[in-house]
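Number of protein chains: 2
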Amino acid sequence: MAVIYEKVALIGLGLIASSMAHAMRQRGLVGSITGHAKSAESRAAAMELGLCDAVFETAAEAVEGADLVVLAVPVGVMGHIAAEIGPHLKAGATVTDVGSVKQAVIDAVAPHLPDSVHFVPGHPIAGTEHSGPRSGFATLFENRWWLLTPPDGTDPDAVARLRALCEGMGANVDEMEPAHHDLVLAVTSHTPHLIAYTMVGVADDLGRVTDSEVIKYSAAGFRDFTRIAASDPTMWRDVFLTNKDATLEILGRFTEELFALQRAIRTGDGAHLHDYFTRTRAIRRSIVQAGQDTDAPDFGRGGTSKSDGTRG
Amino acid sequence: MAVIYEKVALIGLGLIASSMAHAMRQRGLVGSITGHAKSAESRAAAMELGLCDAVFETAAEAVEGADLVVLAVPVGVMGHIAAEIGPHLKAGATVTDVGSVKQAVIDAVAPHLPDSVHFVPGHPIAGTEHSGPRSGFATLFENRWWLLTPPDGTDPDAVARLRALCEGMGANVDEMEPAHHDLVLAVTSHTPHLIAYTMVGVADDLGRVTDSEVIKYSAAGFRDFTRIAASDPTMWRDVFLTNKDATLEILGRFTEELFALQRAIRTGDGAHLHDYFTRTRAIRRSIVQAGQDTDAPDFGRGGTSKSDGTRG
Numbered sequence: 001m002a003v004i005y006e007k008v009a010l011i012g013l014g015l016i017a018s019s020m021a022h023a024m025r026q027r028g029l030v031g032s033i034t035g036h037a038k039s040a041e042s043r044a045a046a047m048e049l050g051l052c053d054a055v056f057e058t059a060a061e062a063v064e065g066a067d068l069v070v071l072a073v074p075v076g077v078m079g080h081i082a083a084e085i086g087p088h089l090k091a092g093a094t095v096t097d098v099g100s101v102k103q104a105v106i107d108a109v110a111p112h113l114p115d116s117v118h119f120v121p122g123h124p125i126a127g128t129e130h131s132g133p134r135s136g137f138a139t140l141f142e143n144r145w146w147l148l149t150p151p152d153g154t155d156p157d158a159v160a161r162l163r164a165l166c167e168g169m170g171a172n173v174d175e176m177e178p179a180h181h182d183l184v185l186a187v188t189s190h191t192p193h194l195i196a197y198t199m200v201g202v203a204d205d206l207g208r209v210t211d212s213e214v215i216k217y218s219a220a221g222f223r224d225f226t227r228i229a230a231s232d233p234t235m236w237r238d239v240f241l242t243n244k245d246a247t248l249e250i251l252g253r254f255t256e257e258l259f260a261l262q263r264a265i266r267t268g269d270g271a272h273l274h275d276y277f278t279r280t281r282a283i284r285r286s287i288v289q290a291g292q293d294t295d296a297p298d299f300g301r302g303g304t305s306k307s308d309g310t311r312g
Numbered sequence: 001m002a003v004i005y006e007k008v009a010l011i012g013l014g015l016i017a018s019s020m021a022h023a024m025r026q027r028g029l030v031g032s033i034t035g036h037a038k039s040a041e042s043r044a045a046a047m048e049l050g051l052c053d054a055v056f057e058t059a060a061e062a063v064e065g066a067d068l069v070v071l072a073v074p075v076g077v078m079g080h081i082a083a084e085i086g087p088h089l090k091a092g093a094t095v096t097d098v099g100s101v102k103q104a105v106i107d108a109v110a111p112h113l114p115d116s117v118h119f120v121p122g123h124p125i126a127g128t129e130h131s132g133p134r135s136g137f138a139t140l141f142e143n144r145w146w147l148l149t150p151p152d153g154t155d156p157d158a159v160a161r162l163r164a165l166c167e168g169m170g171a172n173v174d175e176m177e178p179a180h181h182d183l184v185l186a187v188t189s190h191t192p193h194l195i196a197y198t199m200v201g202v203a204d205d206l207g208r209v210t211d212s213e214v215i216k217y218s219a220a221g222f223r224d225f226t227r228i229a230a231s232d233p234t235m236w237r238d239v240f241l242t243n244k245d246a247t248l249e250i251l252g253r254f255t256e257e258l259f260a261l262q263r264a265i266r267t268g269d270g271a272h273l274h275d276y277f278t279r280t281r282a283i284r285r286s287i288v289q290a291g292q293d294t295d296a297p298d299f300g301r302g303g304t305s306k307s308d309g310t311r312g
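Line order of the protein sequences matches chains A and B. Those letters in the first sequence? Residues 1 to 312, by UniProt numbering. Those letters in the second sequence? Residues 1 to 312, by UniProt numbering.
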């Protein structure tokens, strides 16, 4: 494949950035890659693994001369990074991000970027429960969605170029309004994660059901929750703080439905439960048909799995 | 391996019974297998697949002369089946079940069994989201827990023999008090399933987030929930109706914790969220260390997966 960006700067060197580095290099999509991470250990790992051609102690240094700057830090620090790099960006450069929330990132980042720069926010819906530069791999984005939420008036050529990069890494690309993105993700990702965190916390709290029993017999449903709840705490804190309204709205709906089911259990209303469970079963079939999962039975011993529901 | 039971009767021919048939035959643990299922289609499938040597239209016929009778029907019909087969059981036979709830099964089944029969309730913590006689496979129980909850005074030899059968199919066996079993499973399985069902129902209800979007972008967490929520509706209805007290207790704890996290989101209390998410992450590590899951990253495309959290 042809080189799409001559020089790419990765700000933050976690799972997503390191996977991008692997994918971009393997497919020859970029000329060179610079990187910045706050921690010296991450910077050293990025050099050791060959993710970057050069790493820098500051984001400002890393973005010098870059044609594409990727903000791959927790949503809560995007604004600070933007303020730092704003004056150092090359005219005509594109800035994107990989945050799981889009409106808050746009609000925090856009004011700091010069007019000479294209801002095309993005969100790859892909991940694992692992974090850090050593967790990345080249195929993370294959057949996954990468959502772009460019503000009105963004240069179409800049969007098309970023789209080509994402597609070059194997992703499917869609464009979406930022606020709509945040609501959709509150349903498909943010609220499910909060619920998983909560359930794992409850299990941890219960004195009568000892830790060892919960862990020993975790095969039955709970284990999926623990995997989801093992995701990066800082990233998820920022997701909830910055996608507050949509998450609270969906949580409200969730507790309403949960209370209705709880009432059906209490009153012994088997018909209500059976109807509800039959309806949700149909949704699963749609997902399998949409190619976002397989119909293979899920029986607990594979080294890999069908799920990547652990990031944004 | 030596034959442990000469003649086994499987009452109900779903995922668990059909997996037992495959496992028992493959490992030479039993002489012959008879079966009963309510539906003619399931009975025909059991013969076609070679699960049973003979199938019968009634459970009473199927249990004639059996050394081991396995009740593998939804928890809610166990009592009716027990009443039907009681007079037809061979003296000295063992009756077990595979229900996800134990106290309610004991209450429903025990009164119908003659004194000449050993009743050893059980629960294999294994499953997939599929159901029916065609969904079984011989390795379902390998390295999974099979909990036995024999009432006080049960013949130790009868328990040891059933244990040998379970271990012969590859399972690890533990004994437990029925009420404690029901509480542990309410935490590790029943409540997580109810929550997953609820979340999938919420997504289905939301007019603004169209079905196609929820499905399209389901990779991010929600997909795990849909898999769990695809499990057999009748089985799960009965689980919640018969493990009511423990499920309601854990649900109460769950909503308490969820409201605390919801409040932290509303008030912007990032420290509370971060602390909570850090704590739950540690539980995941314990599960990986306990050998009930692998540490391999979970990135969404394998044909098999690490989870079997879809049954009781």
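We treat Cβ as the ideally placed atom computed from N, Cα and C, and that holds for glycine.
Residue i classed as buried or exposed, judged by whether at least 16 other C-beta atoms fall within 10 angstroms
i: Thr278(A); result: exposed
i: Arg285(A); result: exposed
i: Gly14(A); result: buried
i: Glu6(A); result: exposed
i: Arg223(A); result: buried
i: Gln262(A); result: buried
i: Phe225(B); result: buried
i: Phe259(B); result: exposed
i: Gln103(A); result: buried
i: Ser100(A); result: buried
i: Glu256(A); result: exposed
Closer than 8 Å to chain A by CB, residue i
i: Glu175(B); result: no
i: His88(B); result: no
i: Thr149(B); result: no
i: Lys7(B); result: no
i: Pro192(B); result: yes
i: Trp236(B); result: yes
i: Gly221(B); result: yes
i: Phe299(B); result: A caution first: Phe299(B) carries a pLDDT of 36, below 50, which makes its placement in the model unreliable, though a value can still be read off. So, interface residue.
i: Glu84(B); result: no
Selection from the options that minimises the alpha carbon distance to residue i
i: Val8(B); options: Ala271(B), Ile106(B) and Val69(B); result: Val69(B)
i: Gly65(A); options: Ala72(A), Ala54(A), Val73(A) and Val75(A); result: Ala54(A)
i: Val77(A); options: Glu175(A), Arg144(A) and Val105(A); result: Val105(A)
i: Lys198(B); options: Met47(B), Val101(B) and Ala229(B); result: For clarity, residue 198(B) is Thr in the given sequence; the question names Lys instead. Checked all of Met47(B), Val101(B) and Ala229(B); the closest Cα to Thr198(B) is Ala229(B).
i: Thr154(B); options: Gly127(B), Gly50(B) and Ala93(B); result: Ala93(B)
i: Leu206(B); options: Arg223(A), Asp97(A), Val184(A) and Glu213(A); result: Val184(A)
i: Asn172(B); options: Asp107(B), Ala46(B), Ala196(B) and Glu142(B); result: Glu142(B)
i: Ser131(A); options: Ile283(A), Asp232(A) and Asp107(A); result: Asp232(A)
i: Asp152(A); options: Met24(A), Thr242(A), Ala62(A) and Val120(A); result: Val120(A)
i: Asn243(A); options: Leu258(A), Ala186(A) and Gly201(A); result: Ala186(A)
i: Leu241(B); options: Ile265(A), Ala72(A) and Val63(A); result: Ile265(A)
i: Ile4(B); options: Trp145(B), Gly12(B), Ile16(B) and Ser32(B); result: Ser32(B)
i: Arg11(B); options: Arg25(B), Leu49(B) and His80(B); result: One detail in the question is off: residue 11(B) reads as Ile in this sequence, not Arg. That would be His80(B), whose Cα lies nearest to the Cα of Ile11(B).
i: Asp283(A); options: Lys38(B), Glu213(B), Ala164(B) and Ala246(B); result: The sequence given here places Ile at residue 283(A); Asp does not occur at that position. Ranking Lys38(B), Glu213(B), Ala164(B) and Ala246(B) by Cα distance to Ile283(A) puts Glu213(B) first.
i: Lys38(B); options: Val30(B), Leu29(B) and Glu61(B); result: Glu61(B)
i: Gly35(B); options: Glu48(B), Gly50(B), Gly28(B) and Phe56(B); result: Phe56(B)
Any chain B beta carbon closer than 8 Å to residue i
i: Ile16(A); result: no
i: Pro233(A); result: yes
i: Gln262(A); result: yes
i: Thr247(A); result: yes
i: Arg274(A); result: First, the amino acid is wrong: residue 274(A) is His here, not Arg. Judged by the 8 Å Cβ criterion, His274(A) is in contact with chain B.
i: residue 395(A); result: The structure shown does not extend to residue 395(A), since chain A spans only 1 to 312, so no value can be given for it.
i: Val257(A); result: It is Glu, not Val, that sits at residue 257(A) in the sequence shown. Yes - at least one Cβ of chain B is within 8 Å of the one on Glu257(A).
i: Arg227(A); result: yes
i: Ile125(A); result: yes
i: Trp145(A); result: yes
Cβ separation of residue i and residue j, assumed to be a contact under 8 Å, to the nearest whole Å
i: His274(B); j: Arg237(A); result: 5 Å
i: Ala72(B); j: Ile16(B); result: 5 Å
i: Leu140(B); j: Leu29(B); result: No, Leu140(B) and Leu29(B) are not in contact; Cβ-Cβ is about 14 Å, not under 8 Å.
Under the three-state DSSP convention, the category residue i falls into
i: Tyr217(A); result: coil
i: Leu10(A); result: strand
i: Leu251(B); result: helix
i: Pro121(A); result: coil
i: Glu175(B); result: strand
i: Ala2(A); result: coil
i: residue 391(B); result: As displayed, chain B neither begins before 1 nor continues past 312, which places residue 391(B) out of reach and without an answer.
i: Phe225(A); result: helix
Any non-hydrogen atom of the ligand NAP within 7 Å of residue i CB
i: Ala104(A); result: Summarising the ligand content, the structure contains no ligands, and the ligand NAP is consequently not present.
Minimum Cβ-Cβ distance from residue i to chain C less than 8 Å
i: Asp224(A); result: Within the model displayed, chain C is absent; protein chains A and B are what it includes.
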